[in-house]
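Before any comments, here is the structure.
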Amino acid sequence: MTHDHSNRARAARAAGLAVLLGSTALLGSALLLAGDVQAQQAPATTDTALPDLYVTATRLGGGAGGALGITGASTTVITAEEIERSPEQTIPGILAREPGVQVSNLYGGVNGARATVDIRGFGATGAQNTLILIDGRRVDLPDLQTFDWGSVPINAVERIEVTRGNSGGVLYGDGAVGGVINIVTKKATGRPNGARAEVAYGSFNQVEGRGTAFASSGPHALALYANAVRSDGYRDNGQYHQTNAGGDYRYTRDWGSFYLNTTLSDQVLGLPAGRRVDPTLGLNQLATDRRGTNTPWDFANQQQATATTGVTYDLTPGAELIVDGGVRVRKQQAAYFPSCLDTFTGVYNSACRQQIGSAYDTSYFESSLVTSSVTPRLKVDTTAFGLPLKSLSGVDVYHTDYSSPRALTEGAAPLHQYDLDQTSLAAYTMNTVTLFSTTDVSVGGRVQRTSLSARDAVNAAAPGYLYFGFPTVVQANPLDDTQTNRAWHIGIEHRFNQQLTLFGRTAQSFRVPNVDERIGSAPYGMPSNFALKTQTSRDWEAGVKVTAGPMFLQWSIYDMVLENEIFYSPFTTTNVNLDPTRRYGSEALATMRVSDTVRLKGSYAYTRAVFREGVYAGNDVPLVARNTAGVGVVWNILDSRLVFTGDVRFVGSRRMDNDSRNLQPMTPTYTILDAKIAGEWDRYFWSFAVQNLLNEDYFDYAVASPYPDGFGSKYGVYNAYPQPGRTFVLRVGANF
Numbered sequence: 002m003t004h005d006h007s008n009r010a011r012a013a014r015a016a017g018l019a020v021l022l023g024s025t026a027l028l029g030s031a032l033l034l035a036g037d038v039q040a041q042q043a044p045a046t047t048d049t050a051l052p053d054l055y056v057t058a059t060r061l062g063g064g065a066g067g068a069l070g071i072t073g074a075s076t077t078v079i080t081a082e083e084i085e086r087s088p089e090q091t092i093p094g095i096l097a098r099e100p101g102v103q104v105s106n107l108y109g110g111v112n113g114a115r116a117t118v119d120i121r122g123f124g125a126t127g128a129q130n131t132l133i134l135i136d137g138r139r140v141d142l143p144d145l146q147t148f149d150w151g152s153v154p155i156n157a158v159e160r161i162e163v164t165r166g167n168s169g170g171v172l173y174g175d176g177a178v179g180g181v182i183n184i185v186t187k188k189a190t191g192r193p194n195g196a197r198a199e200v201a202y203g204s205f206n207q208v209e210g211r212g213t214a215f216a217s218s219g220p221h222a223l224a225l226y227a228n229a230v231r232s233d234g235y236r237d238n239g240q241y242h243q244t245n246a247g248g249d250y251r252y253t254r255d256w257g258s259f260y261l262n263t264t265l266s267d268q269v270l271g272l273p274a275g276r277r278v279d280p281t282l283g284l285n286q287l288a289t290d291r292r293g294t295n296t297p298w299d300f301a302n303q304q305q306a307t308a309t310t311g312v313t314y315d316l317t318p319g320a321e322l323i324v325d326g327g328v329r330v331r332k333q334q335a336a337y338f339p340s341c342l343d344t345f346t347g348v349y350n351s352a353c354r355q356q357i358g359s360a361y362d363t364s365y366f367e368s369s370l371v372t373s374s375v376t377p378r379l380k381v382d383t384t385a386f387g388l389p390l391k392s393l394s395g396v397d398v399y400h401t402d403y404s405s406p407r408a409l410t411e412g413a414a415p416l417h418q419y420d421l422d423q424t425s426l427a428a429y430t431m432n433t434v435t436l437f438s439t440t441d442v443s444v445g446g447r448v449q450r451t452s453l454s455a456r457d458a459v460n461a462a463a464p465g466y467l468y469f470g471f472p473t474v475v476q477a478n479p480l481d482d483t484q485t486n487r488a489w490h491i492g493i494e495h496r497f498n499q500q501l502t503l504f505g506r507t508a509q510s511f512r513v514p515n516v517d518e519r520i521g522s523a524p525y526g527m528p529s530n531f532a533l534k535t536q537t538s539r540d541w542e543a544g545v546k547v548t549a550g551p552m553f554l555q556w557s558i559y560d561m562v563l564e565n566e567i568f569y570s571p572f573t574t575t576n577v578n579l580d581p582t583r584r585y586g587s588e589a590l591a592t593m594r595v596s597d598t599v600r601l602k603g604s605y606a607y608t609r610a611v612f613r614e615g616v617y618a619g620n621d622v623p624l625v626a627r628n629t630a631g632v633g634v635v636w637n638i639l640d641s642r643l644v645f646t647g648d649v650r651f652v653g654s655r656r657m658d659n660d661s662r663n664l665q666p667m668t669p670t671y672t673i674l675d676a677k678i679a680g681e682w683d684r685y686f687w688s689f690a691v692q693n694l695l696n697e698d699y700f701d702y703a704v705a706s707p708y709p710d711g712f713g714s715k716y717g718v719y720n721a722y723p724q725p726g727r728t729f730v731l732r733v734g735a736n737f
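Numbering (the numbering used here), first residue to last: 2 to 737.
As structure tokens, this is what we get:
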């Protein structure tokens with residue numbers, strides 16, 4: 002497993018596995034409206050009127066890989082102006098304001114580093130069931146590493162498109178079970194030449210610099226962006242350093258265009274792990290040392306680089322051919338030392354780093370991931386038999402090489418050497434036809450063939466192989482596997498008039514197990530065989546959109562049934578395919594223009610994730626809050642020279658990770674109030690934002706002892722990952 006999952010596993014070990022081994026409505030909610038909706042980022046207009054907020058994704062994206070608006074799906078778009086005016090300045094924090102999206106943080110939330118973003122209630126596997134795209138291109142991760150949200154400079158984001166449900170599997174492939182998040186970056190085409198620079202200072206010595214520049218001349222257009230963030234972090238050993246840079250070049254002619262996009266990212270991250278609560282020992286680190294750590298030396302570092310290039314060619318009016326390809330390289334290093342907390346006595350030992358005895362106590366991970374892809378596609382916008390037709394069809398070829406040596410300590414010979422080679426070849430089409438000028442009907446399908454070769458080599462001479470004369474690791478059985486999976490979508494949207502629209506869809510999708518899940522599919526001391534079944538899902542969704550004067554409302558209900566859901570079982574201490582599970586719920590979003598200067602946004606989501614059959618039948622899936630809600634306001638007090646933004650976000654209680662039996666205490670509900678005051682004058686701008694204004698003590702991730710399963714498990718014992726109290730960020734900058 003990679004270091005993120007290892008840190009989670011460490012939490013599970015400390016609060017769960019270590020113990021196991023011996024120790025439908027609207028009205029309400031969600032946040033921020035934030036700002037004007039414009040075609041491009043620019044200094045806010047001096048006009049005090051606030052333009053309308055658009056809440057449907059783009060119909061067909063451009064050659065850079067913009068998303069396809071999927072007919073019948075619940076979608077929203079978060080614009081650059083909304084992002085800029087939001088009190089929250091991390092992508093996961095902004096997404097958490099959207100209905101149906103839940104976020105968990107293990108690292109204190111600085112810059113959204115390694116947060117888990119979960120659409121429609123998958124809990125601990127939310128990252129594996131929510132597909133992330135950059136400019137319409139999937140970020141392929143064959144392990145349990147979560148997407149690095151901090152690697153995308155927020156000043157480079159043009160908009161974020163959120164498509165809920167599994168219909169995205171037709172266009173983008175496996176992993177789009179709960180939904181798809183497409184981050185569209187800024188391009189220089191059509192923008193005036195100029196630059197933007199800003200600096201920020203915030204709580205816990207957070208310092209950030211951002212820069213963006215656009216230049217165009219004739220057919221040439223170049224966009225550059227960069228940022229650097231440093232923070233001590235809320236927790237001890239919570240330090241965070243991130244540097245990102247990227248560029249996008251466009252050459253546009255009458256026949257089409259050529260483009261090249263590159264990014265670089267470097268991250269250093271401390272891993273403070275959880276705070277222990279154990280009533281049997283009278284231990285409650287949440288109360289006595291909330292900001293401390295039991296793992297003062299654990300760390301995770303990461304470096305990434307990407308390059309994407311392609312051409313678009315106008316074949317005929319209404320038909321565009323797009324041929325592009327890309328490479329993504331990711332390197333990781335992480336080390337885990339013994340916990341300084343003795344979970345049997347509750348005593349903290351500051352010399353714990355010297356207690357290196359076996360591979361179970363200490364571990365060092367490295368990984369190398371190289372993903373290459375070629376994705377030609379044909380986009381058509383024409384008329385067929387007198388009916389408007391929009392179509393997107395293509396072929397996706399992805400190849401992934403993954404290598405991960407895993408040793409007792411840094412510099413030691415690896416105990417395990419994992420190697421994975423995976424290739425997927427897919428063909429897909431999505432077609433939308435308009436009937437009677439009022440009804441859109443879409444049909445799409447995808448066939449994907451995935452070939453996998455996985456190997457493990459164990460070195461019996463490596464340090465840590467023997468513990469008291471017995472081997473500590475077992476070599477996994479090799480796997481060579483080829484399988485074909487299918488996804489499909491049928492959707493409809495009917496406009497009764499300008500005020501009322503009904504929409505609905507049904508779809509099938511799938512998720513292929515990743516390498517870490519395969520590695521962990523055998524009990525400790527037994528050889529892994531890398532074998533897990535592919536997860537499949539079918540869902541349906543229906544909803545309504547209402548526009549009534551200054552108010553817009555979108556409401557939908559959905560139901561999803563899953564077979565062979567991939568899940569970590571604390572009962573067997575392995576990754577397993579579950580008996581059938583189900584997700585269902587309701588999501589609502591509303592915006593209202595109160596006046597020319599004041600607008601409101603609210604959202605509410607009811608999310609149920611339940612086990613349908615088996616030993617956990619009827620229980621809630623852990624880490625999924627049934628109720629989430631929020632409300633936000635934007636008030637242009639003095640046109641763009643003084644703007645107030647306020648958000649309130651409510652998250653209901655959740656079952657802790659490991660608590661599939663639903664017997665342990667639940668996480669507390671929490672309500673967070675954020676506020677921001679900002680302004681612009683001439684070319685200069687400033688803002689002062691406060692998150693968690695009421696200083697709420699809360700956490701959004703916790704892992705429990707798997708009571709009553711296993712020897713030594715305990716009721717009421719868990720590890721929680723506390724989030725910061727009241728924090729602030731002061732930001733100033735200028736446009737040039």
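Glycine is no exception: its CB is placed at the ideal position from the N, C-alpha and C atoms. Computed from a prediction, not measured in an experiment: that's the story for all the values here.
Within its own chain, the residues whose Cβ lies closer than 7 Å to the Cβ of residue 416, once the five positions on either side in sequence are excluded, are 360, 407, 408, 409, 459, 460, 463, 465, 466, 474, listed in chain order. As far as DSSP is concerned, residue 513 takes part in no beta bridge. If you draw a straight line from the Cα of residue 152 to the Cα of residue 141, it comes to about 15 Å. Per the coordinates, the alpha-carbon of residue 118 lies some 13 Å from the alpha-carbon of residue 161. Within the region 233 to 295, the runs of alpha helix (DSSP H) that reach at least 4 residues and sit entirely inside it are, in chain order, 286 to 289.
Around the CB of residue 504, 16 or more other CB atoms lie within 10 Å, so the residue is classed as buried. For residue 93, the uninterrupted alpha helix (DSSP H) segment begins and ends at 92 to 96.
DSSP, read as helix, strand or coil, puts residue 612 in strand. Residue 476 sits in coil when the DSSP states are folded into three classes, being neither helix nor strand. Close CB contacts of residue 472 within its chain, under the 7 Å cut and outside five residues either way in sequence, are with 466 (chain order). One thing to note: residue 263 has its Cβ no nearer than 8 Å to the Cβ of residue 182. Three or more Cβ pairs closer than 8 Å define a contact, and the region 662 to 681 meets that threshold against the region 76 to 96. Distances from the alpha-carbon of residue 650 to those of 612, 623, 621, 701 put 701 closest. Beta-bridge analysis with DSSP links residue 466 to no other residue. Rounded to whole angstroms, the separation of the alpha carbons of residue 268 and residue 210 is 15 Å. Residue 278 counts as buried, since no fewer than 16 other beta carbons sit within 10 angstroms of its beta carbon. Taking the Cα of residue 591 as reference, the smallest distance to any Cα among 150, 639, 551 is reached at 551. Per DSSP, residue 84 is one residue of the alpha helix (DSSP H) stretching across 81 to 86.
Take residue 112, set aside five residues on each side of it, and the residues of its chain with a beta-carbon closer than 7 Å to its own are 91, 151, 230, 241, 243, in chain order. The three-state reading of DSSP puts residue 673 in strand, counting E and B together. Between residue 206 and the set 734, 735, 729, the nearest pair of CA atoms involves 729. Taking the Cα positions, residue 116 is about 34 Å away from residue 312. Cβ contact annotation for residue 158 (same chain, cutoff 8 Å, sequence separation greater than five): 81, 84, 92, 184, 185, 186, 187, in chain order. Beta-bridge partners of residue 363 (DSSP): none assigned. Under the 8 Å Cβ criterion, the region 121 to 139 does not count as touching the region 492 to 502, having fewer than three qualifying pairs.
Partner residues in the beta bridge of residue 636, as assigned by DSSP, are 599, 645. Taken through DSSP and simplified to helix, strand or coil, residue 164 comes out as strand. A residue is called buried when at least 16 other Cβ atoms come within 10 angstroms of its Cβ; residue 173 meets this threshold and is buried.
Distance between residue 605 and residue 314, taken at the CA atoms: about 43 Å. By the Cβ rule, the region 499 to 519 does not count as touching the region 100 to 107, because fewer than three pairs are nearer than 8 Å.
Between the region 376 to 393 and the region 330 to 339 there are fewer than three inter-stretch CB-CB distances shorter than 8 Å, so the stretches are not counted as touching. By alpha-carbon distance to residue 578, the top candidate from 589, 607, 559, 535 is 535. A distance below 8 Å between beta-carbons, with the five flanking residues on each side excluded, links residue 500 to the following residues of its chain, in chain order: 547, 548, 549. The beta carbon of residue 595 lies closer than 8 Å to those of 551, 601 in the same chain, with the five residues before and after it left out.
According to the DSSP assignment, residue 719 belongs to the beta strand (DSSP E) that extends over 719 to 723. In the DSSP secondary-structure assignment, residue 334 is bridged to 302, 367.
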